[in-house]
Structure formats: C-alpha cells, structure tokens
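Asker: Per the numbering used here, the sequence shown starts with residue 25, numbered consecutively.
For each residue, glycine too, the CB sits at the ideal point set by N, CA and C.
Have a look at the structure that comes next, please.
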Amino acid sequence: MFLLARRWLARPDAMFAAVLYALNPYHVVIIYWRSAFAELLASCLVPLLLLLVLRAVDEKWRVIVPLGLVLAAAWLTNAPAAVMIHYSLALLIVFLAWRKKPFQLLLVTGAAVALGACLAAFYLLPAIYEQRWIDITQAVSPGSRPQDSFLFIHTTDPDHDAFNHIISWVAVLEMLVIAVTAWMSKLWRKAQRDSFVALLGWAGAASLLMFPFTLFLWNILPKMQYMQFPWRWLLCLSLIFSLFVTVALPRWWQRGAVCALSIAVILMGWTRLQAPWWDNAGDLREMQDNIATGAGYEGVDEYLPLGTDSIAIDKDARKVTVDGPARANIDVLRWDAESKELAVEMSAPDQVALRLFRYPAWKVEVNGHEVETSARPGTGQMLVPVGAGMNRVRLTFVRTWDRTVGGWISLCSVTAVICWFLWRRRVKYSAT
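Have a look at this one:
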C-alpha cells in the first residue's frame, strides 16, 4: 500500500495511507468477528494489483510477470478473494484501455492472467477437476448464498443477521466517506483524472454489488456466486477508502475524525448487535479435545464425497469395523493422513468399514492386489472387501493425473519466470 500511495503522495502521507489500510474497519471485522485470516492475507495483494495495473499503461510487457505473480498469489491465498481480484482487474483494464485506447494493454493483461493460472496450476487444476468428486454447490447453500448476505438483509438466522448488520454499517461508513472525500479532492481529481475516475468507478461497482438488485449479476457472471458474501467487496472498497481519506483530508485532525468515526461504528456493532467471535472457551476446548482424541473436527458439506452424510456417522466409532456377520480380529498398524495399513483376520469373506470417506484418490490393496472399494449407503464410509483368513490391507492416497499435470505446469512456469528475472538482470547490468 505504501508503494501505491507514493505514486501521488509524500512519504508521511503514504505511510498514513498504508497504516489506515492495514487498520481499516473491514480488516478489524475480519480479525475480531470472522477470523478469516486467509482473506486478510489476500488484502495485501489488492494494492499491488492496482499498482501494477497503473504501471501497465506505461511499461506494458514488463508488467506481465509481476502481475502474473500477484494473480497466482491470489489463487493460492484465498479463492473467493481471487475471483474478486480477477473481476477488479477486468474492470480496471477495460476502463484504462478505453481511455488510453491501447489494444496492447488487453494482451498484456490476458498474458498475466494466463501466467498466474499456470503458476498456480498445481492447486487450480485439481481444484477444478476434483469438483466432480464432491458437491461443490453446497458452498452456496442457504446461509452462504449471495442473496443471504446483501447489505441489511433479513433471514431466519438471528446471529447471521446481527453480523450482517455490523458489516452493513461498516460498508455504509466507507461508502459515505468515499463519496465525501471524492467530492473534496478537486485538485487531485484534476491532476490525476484517469486514476481518480478508475478508482471511483471501481468503488461504485464494488458498492452496487453489495445490494440485492444486482443478484442477477451474481447469478450470471462466471463463478461470482462462489464469493458467497457480497460484502466481501469491502476488501477492494477499503483500499479506495484509505486512499481518498489521505488525499482529500490533508489535516491530521480531519483524518483523526474519520478514524474516530470508524472506531465508533465498530464499538456500536460490538455493544448493540454482536460481540466479537461468539465461540467461548468451552467450545475451543472441545475442538482441541476432538483433535487430541482423534475424533476430528466437523468439516463442511461442499468438500465431502458425493453420497456421504457426515451427520449419520458415529463419531465414537472405531477406525475399522466389520460390515457383515463375520467375526474378525483387526489390528491397525498405521493410520496416517495419506497412508493406512491394517491386519485383518476374518472367519469368512466379508467387508470391513473404515472411518474414512471414499475419495477416488485412495488406492486400496489387499494382500498386494488392488481391489475395488464401495461406499456404505447413507454415510458414504469406505467398504473394503476381504477374504477368509489373514488379510493385509494397505491404503495409499495417490497423486491423480490432475495433480501431476498441474505440478508440471507450475514447475515449467516457475522455471520460465526465473529465466525471465535472470535475463532482466543481465540486460540491466549490460546497460550499465
């Protein structure tokens, strides 16, 4: 943020803008109410995105690699934020290309997007391909759909509505401050017209997408609905909020007044609507005990294999049980995250049920021979067929083709980026 602000501001003002962005109201909500630290980490990429987009107007092709690195970092940090960052990039580039009219700018951006996807391919390709294993639409089930989180929306969940009202007042605060400071920054508007209009347009788009009448856009724009919460656009709006406050309010008492008002809104939400983070010490202790005892933690439905039901599973069940009438002597030799080994002595051929979901990447061998597993109806637990007598069962979570191909694409892309940096360094030293 400091580097971005230094394009227009003196060093002390740029430092204030950076501090204000780090401590803006939405970041406070992220930390104390949501604990969404991946999204918080992704916020550091938003100023870099804008900085590189503005540099692309002059530097063109030299921006491809840095911009591609930022886009790759977004995918690897927080997927919803990455979707937002890519849509923000498209909005900014279309505006600047229209103002400057360089077709080359669109090509540069396209190349950067492709490079970012290739660098993150070891994550992106499996994330795309392996969606067929699960029901990813559960990520936008009731409570997590965009229509459930527009500003000041009402649902059947009081806790959800209480938090939504806190975030709504934060959004209103930032929108009003941006509107007032945009009107006050006349000199900066004249000196940096293109940058000012681009930022104001970005702020307007981010603000409008938080209101219910834009639901049709959330439904038709690719992957937009997987941002889940429209108020996530505050991640971008907070950047513009910090810049406009610093530019339009040169006096420190004015900036202090904005900070005091922001604190007042946060405290109002804290005392009147919902206290930060509703889990208590007992809840945290229960989660810690579940990890220590091996009971595990409750996952989310969108990452469970198709046909499974985590609620129907007995949390106190043993790791391995017999699914039928046969008698068995079971010895768990290893039970690691990606490797499991069992010794199973059966009185008759039968199946053993594992406290494990049947993801396609699990390779199962019985006495050295690969076998086909099935899923228990209702729960989706893995069922492994075994014969009478002693059976050595080995399970290994293998790398599927999508992970291998994605890894190679990323490796080749990283190699290309390193070669580019070495070439740039050589050209720089040759010039001097």
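Given 8 Å as the limit, is there contact between the stretch 255–262 and the stretch 42–55, that is, 3 or more CB pairs closer than that?
Answerer: Judged by Cβ distances under 8 Å, the stretch 255–262 makes contact with the stretch 42–55, as three or more pairs qualify.
Asker: So, helix, strand or coil for Asp338, using DSSP?
Answerer: The residue you call residue 338 lines up with position 314 of the sequence shown. Three-state DSSP puts Asp338 in coil, outside helix and strand.
Asker: Whose C-alpha, out of Ser192, Leu143, Val164, is nearest the C-alpha of Phe176?
Answerer: The sequence position of residue 176 within the sequence shown is 152, counting from 1. Nearest C-alpha to Phe176: Ser192.
Asker: With burial defined as no fewer than 16 other Cβ atoms inside 10 Å of the residue's Cβ, what is the status of Lys339: buried or exposed?
Answerer: Here residue 339 refers to the residue found at position 315 when the sequence shown is read from its first residue. Its Cβ having fewer than 16 others within 10 Å, Lys339 is exposed.
Asker: For the alpha helix (DSSP H) containing Phe268, list its first residue and its last residue.
Answerer: Mapped onto the sequence shown, residue 268 falls at position 244. Where Phe268 is concerned, the enclosing alpha helix (DSSP H) stretches over 258–272.
Asker: Is it right to say Leu116 is buried, meaning 16 or more other beta carbons lie within 10 angstroms of its own, or is it exposed?
Answerer: As a working mapping, residue 116 is identified with position 92 in the sequence shown. Buried, because 16 or more other Cβ atoms sit within 10 Å of the Cβ of Leu116.
Asker: According to DSSP, Glu322 sits in a beta bridge with which residue or residues?
Answerer: As a working mapping, residue 322 is identified with position 298 in the sequence shown. Paired residues: none, contrary to the question.
Asker: In the DSSP assignment, what residue or residues form a beta bridge with Met414?
Answerer: Within the sequence shown, the letter at position 390 stands for residue 414. Glu369, per the DSSP bridge assignment.
Asker: Counting along the chain, where does the alpha helix (DSSP H) carrying Asp82 start and finish?
Answerer: Here residue 82 corresponds to residue number 58 of the sequence shown, with the count starting at 1. Unbroken alpha helix (DSSP H) run through Asp82: 69–83.
Asker: Check this for me: beta carbons of Val441 and Leu149, under 8 Å apart or not?
Answerer: Here the question's residue 441 lines up with position 417 in the sequence shown. Here the question's residue 149 lines up with position 125 in the sequence shown. For Val441 and Leu149, no; Cβs fall outside 8 Å.
Asker: If you measure between the beta carbons of Ala186 and Leu297, is that distance less than 8 Å?
Answerer: Residue 186 sits at position 162 when you count from the first residue of the sequence shown. Residue 297 sits at position 273 when you count from the first residue of the sequence shown. A contact, by the Cβ cut-off of 8 Å.
Asker: If we ignore side chains and look at the alpha-carbon of each, how far apart do Ala80 and Leu91 end up?
Answerer: Your numbering for residue 80 matches position 56 in the sequence shown. Your numbering for residue 91 matches position 67 in the sequence shown. About 9 Å.
Asker: I need the DSSP call for Gln405, collapsed to helix, strand or coil.
Answerer: Here residue 405 is taken as the residue at index 381 of the sequence shown, counted from 1. Three-state DSSP puts Gln405 in a strand.
Asker: Smallest Cα separation from Arg448: which of Trp85, Arg213, Gly402?
Answerer: The residue given as residue 448 occupies position 424 in the sequence shown. Comparing Cα positions, the closest option is Trp85.
Asker: Is Pro254 buried or exposed, if buried means 16 or more other CB atoms sit within 10 Å of its CB?
Answerer: Within the sequence shown, residue 254 is the residue found at index 230, counting from 1. Per the 10 Å Cβ criterion, buried.
Asker: Considering just the uninterrupted stretch of the alpha helix (DSSP H) at Val289, what are its terminal residues?
Answerer: The count along the sequence shown starts at 1 and reaches residue 289 at position 265. 276–292 is the extent of the alpha helix (DSSP H) around Val289.
Asker: What runs of the alpha helix (DSSP H), each 4 residues or longer, lie entirely inside the stretch 158–223?
Answerer: Correct list: 182–208, 210–215.
Asker: So, for Asp426: in the same chain, excluding its five sequence neighbours on each side, which residues have a beta-carbon less than 7 Å away from its beta-carbon?
Answerer: Here residue 426 is taken as the residue at index 402 of the sequence shown, counted from 1. Closer than 7 Å at the Cβ level, and outside the excluded window around Asp426, lie Leu149, Pro150, Tyr153, Glu154.
Asker: Please say whether Asp333 and Gly402 have beta carbons closer to each other than 8 Å?
Answerer: Numbered from 1 along the sequence shown, position 378 holds the residue referred to as residue 402. Numbered from 1 along the sequence shown, position 309 holds the residue referred to as residue 333. A contact, by the Cβ cut-off of 8 Å.
Asker: Which residue marks the beginning of the beta strand (DSSP E) containing Leu380, and which one marks its end?
Answerer: Against the sequence shown, residue 380 aligns to sequence position 356. It spans 374–381 - the beta strand (DSSP E) in which Leu380 sits, taken as one unbroken run.
Asker: Which residue marks the beginning of the beta strand (DSSP E) containing Thr345, and which one marks its end?
Answerer: Your numbering for residue 345 matches position 321 in the sequence shown. Per DSSP, Thr345 belongs to the beta strand (DSSP E) from 344–346.
Asker: Cα separation between Lys210 and Ile315?
Answerer: Taking the first residue of the sequence shown as 1, we reach residue 210 at position 186. Taking the first residue of the sequence shown as 1, we reach residue 315 at position 291. Taking the straight line joining both Cα atoms gives about 57 Å.
Asker: When DSSP builds the beta bridges, which residues end up paired with Trp359?
Answerer: By 1-based counting over the sequence shown, the position of residue 359 is 335. DSSP output for Trp359 lists Lys364 as bridge partner(s).
Asker: Could you check if Glu198 is buried or exposed, using at least 16 other CB atoms within 10 Å of its CB as the buried criterion?
Answerer: Taking the sequence shown and counting its residues from 1, one reaches residue 198 at position 174. Per the 10 Å Cβ criterion, buried.
Asker: Taking C-beta to C-beta, are Tyr321 and Met311 nearer than 8 Å?
Answerer: Here residue 321 is taken as the residue at index 297 of the sequence shown, counted from 1. Here residue 311 is taken as the residue at index 287 of the sequence shown, counted from 1. A contact, by the Cβ cut-off of 8 Å.
Asker: Measure the alpha-carbon distance for Phe119 versus Leu93 and round it to whole angstroms.
Answerer: Within the sequence shown, residue 119 is the residue found at index 95, counting from 1. Within the sequence shown, residue 93 is the residue found at index 69, counting from 1. Going from the Cα of Phe119 to the Cα of Leu93 covers about 22 Å.
Asker: Taking the beta carbon of Ser398 as the centre, do at least 16 other beta carbons fall within 10 Å, making it buried, or is it exposed?
Answerer: As a first step, residue 398 is located in the sequence shown; it is residue number 374 there, counting from the start. Exposed: under 16 other Cβ atoms inside 10 Å.
Asker: To the nearest angstrom, report how far apart Ala341 and Ala350 are at their CA atoms.
Answerer: In the sequence shown, residue 341 corresponds to position 317, counting from 1. In the sequence shown, residue 350 corresponds to position 326, counting from 1. Spanning the two alpha carbons is a distance of roughly 18 Å.
Asker: Going by alpha carbons, who is nearest to Ala97 out of Ala144, Val87, Leu131, Met292?
Answerer: Translated into the one-based positions of the sequence shown, residue 97 becomes position 73. Among Ala144, Val87, Leu131, Met292, the Cα nearest to that of Ala97 belongs to Ala144.
Asker: Along the chain, where does the beta strand (DSSP E) containing Trp386 start, and where does it finish?
Answerer: Looking up residue 386 in the sequence shown gives position 362. 386–390 is the extent of the beta strand (DSSP E) around Trp386.
Asker: Is there contact here, the stretch 379–398 with the stretch 160–169, by at least three beta-carbon pairs under 8 Å?
Answerer: In short, these stretches do not touch, since the Cβ pair count stays below three.
Asker: Helix, strand or coil, according to DSSP, for Glu394 in the structure here?
Answerer: Numbered from 1 along the sequence shown, position 370 holds the residue referred to as residue 394. Three-state result, Glu394: strand.
Asker: Would you mind working out which of Val137, Thr270, Thr420 sits nearest Val460, comparing C-alpha positions?
Answerer: Lying outside 25 to 456, the shown extent of the chain, residue 460 is not represented and no answer is given.
Asker: Note the first and the last residue of the continuous alpha helix (DSSP H) segment covering Val87.
Answerer: Taking the sequence shown and counting its residues from 1, one reaches residue 87 at position 63. Counting along the chain, Val87 falls outside any alpha helix (DSSP H), and DSSP gives it neither H nor E.
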